[in-house]
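**Q**
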Amino acid sequence: MVSRTFLKNTIVLIVVKQKFAVDLDETLAHTNILWADHHIKYYGNPEKLNANEIVRKYSFVKNVPYWQFAEASKWVESHINSSDAKLEIPVIKQAKENIQYIPIACYLTNRPFSTIQGTKEWLSLHNFPKRPVLSANKGLEWKAQQLERFYPYISGIIDDNVEITNYLSEQYEGKIILYSNQENMATHLDVVVCPTWNDIAIEVQRLIRE
Ligand SMILES: [Mg+2]
238 MVSRTFLKNT IVLIVVKQKF AVDLDETLAH TNILWADHHI KYYGNPEKLN ANEIVRKYSF
298 VKNVPYWQFA EASKWVESHI NSSDAKLEIP VIKQAKENIQ YIPIACYLTN RPFSTIQGTK
358 EWLSLHNFPK RPVLSANKGL EWKAQQLERF YPYISGIIDD NVEITNYLSE QYEGKIILYS
418 NQENMATHLD VVVCPTWNDI AIEVQRLIRE
């Protein structure tokens, strides 16, 4: 049976004319910076890097070699599953400054559905436009399925994770705006790499004028 929420979200998506799905963690939210700060404080770090430097070097806290133990991953897991904890996550300032230039269809995230209330409150706290939040801890395959399912009502995604491209079919015609320093992408998909949120805003405005 199709849920009322699904129908409501679908109707909103159809009404919005210009429309990108926007990822949350590491696209709008500095989630790994928060986690790195916590781990530095409680577990230390032999390299003496600050949270920004650690994220720049390893991308994700889960990749940091000296934080590979059960207590650290258990803490991250409980943070992921906490709705209230979402409110602690710092916003990516440049995203907040540039979001007004982005026509948003929805927020698309792999956060657990049970934490959606915290995510909605966080978006509102930082004055992000009110849009449907599609949230499920079901991995990039699920995310890619939503993009394919709602194309062209969602014309593409803004996301930091290049891996999303591995889950989209060759037939997918949407735009993938990759918030990343990634280079030399070999893909059949329509990918634009934007290292900063200013670049994203310029690219989106260019697409709108096309
Ligand atoms: Mg992300």
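Counted from 1, the sequence shown has number 401 at position 164 by our numbering; the numbering is strictly sequential.
Using N, Cα and C, we set each Cβ at its ideal position, and we do this for glycine too.
Spell out the partners DSSP gives Val428 in its beta bridges.
**A** For the purposes of this step, residue 428 is taken as residue 191 along the sequence shown, with counting starting at 1. Bridge partners of Val428: Ile413.
**Q** Just to check my reading of the structure: Val301 and Ile270 have Cβ atoms closer than 8 Å, yes? What is that Cβ distance to the nearest angstrom?
**A** The count along the sequence shown starts at 1 and reaches residue 301 at position 64. The count along the sequence shown starts at 1 and reaches residue 270 at position 33. Between Ile270 and Val301 the Cβ distance is about 13 Å, and since that is not below 8 Å, they are no contact.
**Q** Met238 to Ile439, Cα distance in whole Å?
**A** Residue mapping note: residue 238 aligns to position 1 of the sequence shown, counting from 1. Residue mapping note: residue 439 aligns to position 202 of the sequence shown, counting from 1. Bear in mind that a pLDDT of 49 at Met238, under 50, signals an unreliable position, so the model cannot answer this.
**Q** Taking 7 Å as the cut-off, is the CB of Asn398 close to at least one heavy atom of ligand 1?
**A** Here residue 398 refers to the residue found at position 161 of the sequence shown. Correct: Asn398 has its Cβ closer than 7 Å to ligand 1.
**Q** Does the distance from the C-beta atom of Thr264 to that of Ile395 stay below 8 Å?
**A** Taking the first residue of the sequence shown as 1, we reach residue 264 at position 27. Taking the first residue of the sequence shown as 1, we reach residue 395 at position 158. The answer is yes: Cβ separation under 8 Å.
**Q** Rounded C-beta distance between Tyr404 and Leu444? I'm assuming under 8 Å.
**A** Indexing the sequence shown from 1 puts residue 404 at position 167. Indexing the sequence shown from 1 puts residue 444 at position 207. Between Leu444 and Tyr404 the Cβ distance is about 22 Å, and since that is not below 8 Å, they are no contact.
**Q** What does the alpha-carbon distance come out to for the pair Glu385 and His267?
**A** The residue you call residue 385 lines up with position 148 of the sequence shown. The residue you call residue 267 lines up with position 30 of the sequence shown. If I take the Cα positions, the gap works out to 27 Å.
**Q** What is the rounded straight-line gap between the Cα of Cys431 and the Cα of Ser417?
**A** By one-based count along the sequence shown, residue 431 stands at place 194. By one-based count along the sequence shown, residue 417 stands at place 180. Approximately 6 Å between the Cα atoms of the pair.
**Q** Is the Cβ-Cβ distance between Ala309 and Asn347 less than 8 Å?
**A** One-based indexing of the sequence shown puts residue 309 at position 72. One-based indexing of the sequence shown puts residue 347 at position 110. For Ala309 and Asn347, no; Cβs fall outside 8 Å.
**Q** Determine whether the beta carbon atoms of Gln382 and Val399 lie at a separation below 8 Å.
**A** Position 145 of the sequence shown, counted from the first residue, corresponds to residue 382. Position 162 of the sequence shown, counted from the first residue, corresponds to residue 399. No, the pair does not count as a contact, with Cβ atoms beyond the cut-off.
**Q** When you compare only the Cα positions, how much space is there between Val253 and Lys294?
**A** In the sequence shown, the residue the question calls residue 253 occupies position 16. In the sequence shown, the residue the question calls residue 294 occupies position 57. With a pLDDT of 44 at Val253, under the threshold of 50, the modelled position of this residue cannot be trusted, and the question is left open.
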